[in-house]
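Residue numbers (our numbering), protein chains in the order written: chain A, 1 to 343; chain B, 344 to 686; chain C, 687 to 1029; chain D, 1030 to 1372. The C-beta atom is built at its ideal place from N, Cα and C for all residues, glycine as well. Since the model is a prediction, treat every value here as computed from it, not as a measurement.
Protein chains: 4
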Amino acid sequence: MSTPPRVALIGCGRIGRVHARTLASRRDLCEFAIVADSFPDVAEHTAASFGVPAWTVDAEEAIANRSVDAVILASSTETHAPYIELASRYGKSIFTEKPIALDLESTERVLSAAANAGVRLQVGFQRRFDPGYAAAKAAIERGELGTLEMIHDVMRDPAPPPAGYLAQSGGLYRDMAIHNFDSVRWLMGEEPCEIFAMASALVSDDIRAANDVDTSVVTLRFPSGALASIENSRRSGFGYDVRTEIFGSAGALMVGESRDLPLRRYTSAGVTEDHQYFFLERFDDAYRLEIIAFLTAVRDDTQVTVTGQDGRAALQLAVAAEESLRQGRPISLQTTEVLYAQS
Amino acid sequence: MSTPPRVALIGCGRIGRVHARTLASRRDLCEFAIVADSFPDVAEHTAASFGVPAWTVDAEEAIANRSVDAVILASSTETHAPYIELASRYGKSIFTEKPIALDLESTERVLSAAANAGVRLQVGFQRRFDPGYAAAKAAIERGELGTLEMIHDVMRDPAPPPAGYLAQSGGLYRDMAIHNFDSVRWLMGEEPCEIFAMASALVSDDIRAANDVDTSVVTLRFPSGALASIENSRRSGFGYDVRTEIFGSAGALMVGESRDLPLRRYTSAGVTEDHQYFFLERFDDAYRLEIIAFLTAVRDDTQVTVTGQDGRAALQLAVAAEESLRQGRPISLQTTEVLYAQS
Amino acid sequence: MSTPPRVALIGCGRIGRVHARTLASRRDLCEFAIVADSFPDVAEHTAASFGVPAWTVDAEEAIANRSVDAVILASSTETHAPYIELASRYGKSIFTEKPIALDLESTERVLSAAANAGVRLQVGFQRRFDPGYAAAKAAIERGELGTLEMIHDVMRDPAPPPAGYLAQSGGLYRDMAIHNFDSVRWLMGEEPCEIFAMASALVSDDIRAANDVDTSVVTLRFPSGALASIENSRRSGFGYDVRTEIFGSAGALMVGESRDLPLRRYTSAGVTEDHQYFFLERFDDAYRLEIIAFLTAVRDDTQVTVTGQDGRAALQLAVAAEESLRQGRPISLQTTEVLYAQS
Amino acid sequence: MSTPPRVALIGCGRIGRVHARTLASRRDLCEFAIVADSFPDVAEHTAASFGVPAWTVDAEEAIANRSVDAVILASSTETHAPYIELASRYGKSIFTEKPIALDLESTERVLSAAANAGVRLQVGFQRRFDPGYAAAKAAIERGELGTLEMIHDVMRDPAPPPAGYLAQSGGLYRDMAIHNFDSVRWLMGEEPCEIFAMASALVSDDIRAANDVDTSVVTLRFPSGALASIENSRRSGFGYDVRTEIFGSAGALMVGESRDLPLRRYTSAGVTEDHQYFFLERFDDAYRLEIIAFLTAVRDDTQVTVTGQDGRAALQLAVAAEESLRQGRPISLQTTEVLYAQS
């Protein structure tokens, strides 16, 4: 076993602190060397909480730091692309929260930078590391479902994000449905060849003002004839709703429906259970496991399993969904097959 | 209370016998006067089993019979239209299994005949009488969901029907999805204005040979901006799959997921429950309650709640779904709004 | 196939009408010849509702009626014993609601009368015919659980019965827990050898005034070393609660937990399902199937599967539970083994 | 906020490593100063994995170490009592895995030592910190259930422990059911006044050889008249089975039934979910939360919520259950009320 890699965490917000907890509790897999955050208080407090010896407000310095082997990018979206390019230049292993960038051009440029530098780049599609999704994928690969025929993939947030977030989010498809585009590609095991989007703005004036949509059904066709539908909403009225149904010739798998507490209440009004309210509760394990997988790949000098190409392929589907919405008709994806080829 | 109506049951096959059981056990609501089936053995056996005083192989005679007040049509699909026209001529109340007919022209002609004769005509969309669906509809009408935003309506048969049935079924949309078209219209409480269908033939050579599809996702847009998706398959790999998810601004309702037995098995391989295998188990109550509703309407001389217009509206959606499939693009339904107006 | 038996229904109350519905809808298995009820209106109305040609207020006349082959006793508890004796004298097949009688002496006398007359006598432990319980019993017999080790059998009523009923009910053990005594004996496949009861009166002053209990745990030991516990309450606070957990060396079976509607509500307060409120909903199928089993046994001249001996054995356990409560210690049942031998 | 306490972890086995993970990830609540294990490799490896600066094979040295404020005892059962006495002498805050000791005399002596030294002592009844149990307790205290009437508390291990463990375990009641004795006391909010145990040895020759039992039902009566039953087995045949049902005048709470994965499989054989196999999966959160509660109490200089008195009270019920088993009759606990008084 090689020496554990020295890691820098860039960004100590909500998701950054989740990753910090993982880094701090797996000293066998990493040396948690430095944290960076543009707010000095936040950086200092995070370092103190997790026993990290150094902190800085200068992310670029932390990335470039000679003693750092790997960086975890949990900073704001618009910093992902420049930080990946910087880390590539310095030969660091990179884990980045999704998205790499909000447009295809920047994404391509960043992927080239990483490829040319020969660094590993993992994208934070955490759902692939959720034990439920991972077990579903394994069952599909063992052939338990026979031939895949249909996937129905649902994602609803409990409530819409604030207007400030919406404005720079990239819209429903690049910000939210991108998780579904990744999971449908991954579970189906082939690239879609046709996409159609139908959507409305029902939830808030902010969303309408941003020319965005909040309620959407996307339909996808795959070369094998299998179909997928993706259902999104910015507001559920009841909590987080992430469920995926996978149908094959020999049966079906349903992922999701986790209860928050192992508790049921029986009253004259019925039997009530709670549900997980949001993504941090639902994907707690997944956020931990994706970092462990990344650290293990760095330590053992192996490939990561969720690549920059996966990030690009999901973004392409988001862009195509927007195009379908604009044109009011299905969009063929066949000519882009080459682009989807796994590197 | 008026005298219970005298009823003729036309067709003693699988579903006919289900209706016979209801008629025989509700002598307070009807006098079960006669059964007709083209096979004399079947007619005689049914009459004997349910204590019906008369039977015949001549359905038209039973319909025309002066002492009969109401007819239940459970005969084969192609007989529905002529029998409804005949019963209309004789002024009988009519309950017919769906569909009225497989094409819009015949359907229009039959509806006109019934309307001109001033007879009541109920169509067997039994799902509306299922206690689960009925409770969902009542909750929506009480405003429990706030504003409706999305419906996802699923229907999978356990296994494809025989080739003979497929050939004359009218295809996936007119034969199977027609139940979903009805339930989505009914639950949403408005008529759709746009429809898009994506489908494949994955299940059998018979279906491909019939130029039919077996795996389909239909997306619908409603004037309010609400969306619906309808998922169909001729083969589930595990049993009957009828589930409907209804999302509003204030929460969601999920109808379906009935277990066949109140029994769970715990073994080292996990916790296993069964599921209802097919429609007769799933909709046992609904088939009973729709007949009771019809008999009550006849006895009390009131309107039925699932009308011939409902049958036509669902068929129009099926036809439009086929058109979308043929053209590979969404179809606008706006110009047909007048047609959908409830009579 | 022999001629279907001619049947008299004695008692047209709540459960009597449930049986009437079964008799009316299975003319292939019986000729529903006459109904008796001490209230003439009730008898006449029941006859009219179910198409029964004759009715009477004189139960004894209906039982003695020469043309009647079988009687269904759904009259009040104190009439069961004299009517069984009368029906035995006239050689009729007998189905009786539980209990045969509230004391062991009368029960013995009645069983002797039926045995001497050579008539078949089925007791209404309907739970054995519930598809869930029947599937559990079949799984046990196939060896799916390995060696049986423990049963936990729960029965809670939604609310206590009226004081008038309580006074003549025979108390918690003879009236209510008797269903659990039967199901535990039946599922375990052996007779218990020791019993201990701990109980309180927590629910109502009526129950305390009647010197009865309403909240009870009974523990049973079986010769194999297997154990059972029976939990009873006259008031659940939420609805009917009938669940049975069966544990063996190779796994477990859980019977119960039926939802009334296939519907779940998702709101910000959680996910809510309803539950079946009382026994008529929970055991709707079982009440039908036990009558069908009885009619089939009469028609085919075979044995019934729930015998008078089963009624006696369950009553003996109720009496022993009361004795344990009185003495405050476990009671040995070993010396009564002979009594339990199936006839 | 005061300085976080310096903590020594004594014992780095299965549960010790679970606690180590918590200590390592909450540097805001503690300084994880030293680990001790009698196997030097294990101690060294644990220290390295979790970034702990010091390790030792000498537990007593670690406990006595001047710079240590608090000790976590996760060493073998027979060391708990002497280590608690030692830590008391040195004035350390103490968290100990259950049991304090296997006999009442040692337990009393140890409690006195801690009381005389004025140190806080928390016992590892982790179930109280499980979010499901904690929510149930909170609901009871808010009065959601009305008056408590009955508790049914189940605990089955997936498979019996090895013979070596059994021999020194203290038997089913002191080793396993002690968790149920604690949770029933805690949830009911009063001390039981009568106990009766019925049990068998069905699972293994080892258990019979040790004169122990493996299948047990214990019934408890409380002064209010409420009842409880506790069901234990050393072997479930399917996995870990920890469920608690709490019934009151206004409804019920059911704790338990956690799935391991949010995944259901639908096949022609039914619908299958998995379940949590053993206690480390089921109580993962609880093990973390109990340590956090302990560290918080130390840091803030407040009382712990699960005290040594709780450890003694549960042990007394275990001893009384054994006595009931020996005598074959219920045992009154009324005279011991004083002993149960919370300190």
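**Q.** Beta-carbon contacts of Lys1088(D) that lie in its chain and below 6 Å, excluding the five residues immediately before and after
**A.** In the sequence as displayed, the identity of residue 1088(D) is Ala instead of Lys. Excluding positions up to five away in sequence, the list reads Ile1039, Ala1065.
task = Quick one: which residues of the stretch 828-856 of chain C get their C-beta closer than 7 Å to a C-beta of chain B? List them in chain order.
result = none
If you run the structure through DSSP and keep just helix, strand and coil, what is Phe1158(D)? helix
**Prompt:** Nearest to Ala1343(D) by CA position, among Gly1266(D), Glu1302(D), Trp1215(D), is which residue?
**Reply:** Trp1215(D)
Classify Tyr1369(D) as helix, strand or coil using the three-state DSSP reduction. Because the pLDDT at Tyr1369(D) is just 38, under 50, the model does not fix this residue reliably, and the value given afterwards should be weighed accordingly. The answer is helix: DSSP assigns Tyr1369(D) an H, G or I state.
Notebook entry, point to check: With a CB to CB cut of under 8 Å and the five nearest residues on each side skipped, what residues in its chain are close to Asp1314(D)?
Noted result: Phe1158, Asp1159, Pro1160
Are Gly568(B) and Leu202(A) touching if we call contact CB-CB under 8 Å? yes
For the alpha helix (DSSP H) containing Ser774(C), name the first residue and the last one.
763-775
Kindly say whether Ser1212(D), judged by its beta-carbon, lies nearer than 8 Å to any beta-carbon of chain C. no
(Q) Quick check: what's the CA-CA separation for Gly146(A) versus Arg1156(D)? (A) 42 Å
Self-check item: Residue-chain proximity (Pro347(B), chain A), Cβ-Cβ < 8 Å
Solution: no
Relative to chain A, which residues along the stretch 953-968 of chain C have a C-beta separation below 8 Å, given in chain order?
Thr953, Ser954, Ala955, Gly956, Val957, Thr958, Glu959, Asp960, His961
> What is the DSSP secondary structure of Met1(A), counted as helix, strand or coil?
Replying inline: Residue placement at Met1(A) cannot be trusted, given a pLDDT of 46 that sits under 50; what the coordinates show is reported in the next sentence. In this structure, Met1(A) counts as coil in the three-state DSSP scheme.
### Query
So is Pro40(A) buried or exposed if we call it buried at 16+ other beta carbons inside 10 Å?
exposed
Q. Can you give the Cα-Cα distance for Met1030(D) and Ser75(A), rounded to whole angstroms?
A. The predicted position of Met1030(D) is uncertain, since its pLDDT is 46 and thus under 50; a value taken from the coordinates is nonetheless stated next. Taking the straight line joining both Cα atoms gives about 29 Å.
TODO: State yes or no: is the C-beta of Gly654(B) within less than 8 Å of the C-beta of Ala457(B)?
DONE: no
Could you give the first and the last residue of the continuous alpha helix (DSSP H) run that contains Asn408(B)?
Where Asn408(B) is concerned, there is no enclosing alpha helix (DSSP H), given that its DSSP letter is neither H nor E.
Review point. Glu1260(D) touches chain C at which residues, Cβ-Cβ below 8 Å?
Key: Met836, His838, Ser915
Contact between the stretch 477-496 of chain B and the stretch 584-593 of chain B is defined here as three or more beta-carbon pairs at a separation below 8 Å; is this criterion met? yes
Can you tell me which of the three DSSP states Thr244(A) falls into? strand
Please determine, among Ile916(C), Val928(C), Glu880(C), Arg894(C), the residue with the shortest C-alpha to C-alpha distance to Phe908(C). Glu880(C)
Quick one: grab the DSSP three-state call for Tyr620(B). coil
In the stretch 1163-1247 of chain D, which residue ranges form an unbroken alpha helix (DSSP H) of at least 4 residues, counting only runs that do not cross its ends? 1192-1196, 1200-1204, 1206-1217, 1234-1238
Closer than 8 Å by beta-carbon distance: list the chain B residues that pair up with Ala1042(D), in chain order.
As written in the sequence, residue 1042(D) is Gly, which differs from the Ala given in the question. What Gly1042(D) touches in chain B: nothing, since even the nearest Cβ is about 25 Å away.
Which residue's Cα is closest to the Cα of His865(C): Gly1014(C), Phe811(C), Arg775(C)?
-> Phe811(C)
Please give the ranges of any beta strand (DSSP E) in the stretch 10-39 of chain A, keeping only runs that are unbroken, at least 3 residues long and fully inside the region. 31-36
Residues of chain C with CB closer than 9 Å to the CB of Gly237(A), please, in chain order. Tyr952, Thr953, Ser954
- For the stretch 611-619 of chain B against the stretch 439-451 of chain B, are there 3 or more C-beta pairs whose distance is under 8 Å? no
Check: Does any residue of chain A bring its CB to less than 8 Å from the CB of Glu1073(D)?
Finding: no
Q.
Let me confirm a value: Arg1311(D) is counted as buried when at least 16 other C-beta atoms fall within 10 Å, else exposed. Which label applies?
A. buried
Tell me, please, whether the CB atom of Asp371(B) is closer than 8 Å to any CB atom in chain C?
yes
Spell out whether any CB of chain C is found under 8 Å from the CB atom of Phe1323(D).
no
Margin query: Is the beta carbon of Val1327(D) closer than 8 Å to that of Asp1057(D)?
Written below: no
**Q.** Where the alpha helix (DSSP H) containing Leu1133(D) begins and where it ends
**A.** 1133-1146
Report the rounded CA-to-CA distance for Leu1011(C) versus Leu1003(C), giving the unit in angstroms.
12 Å
- Would DSSP call Gln1332(D) helix, strand or coil? coil
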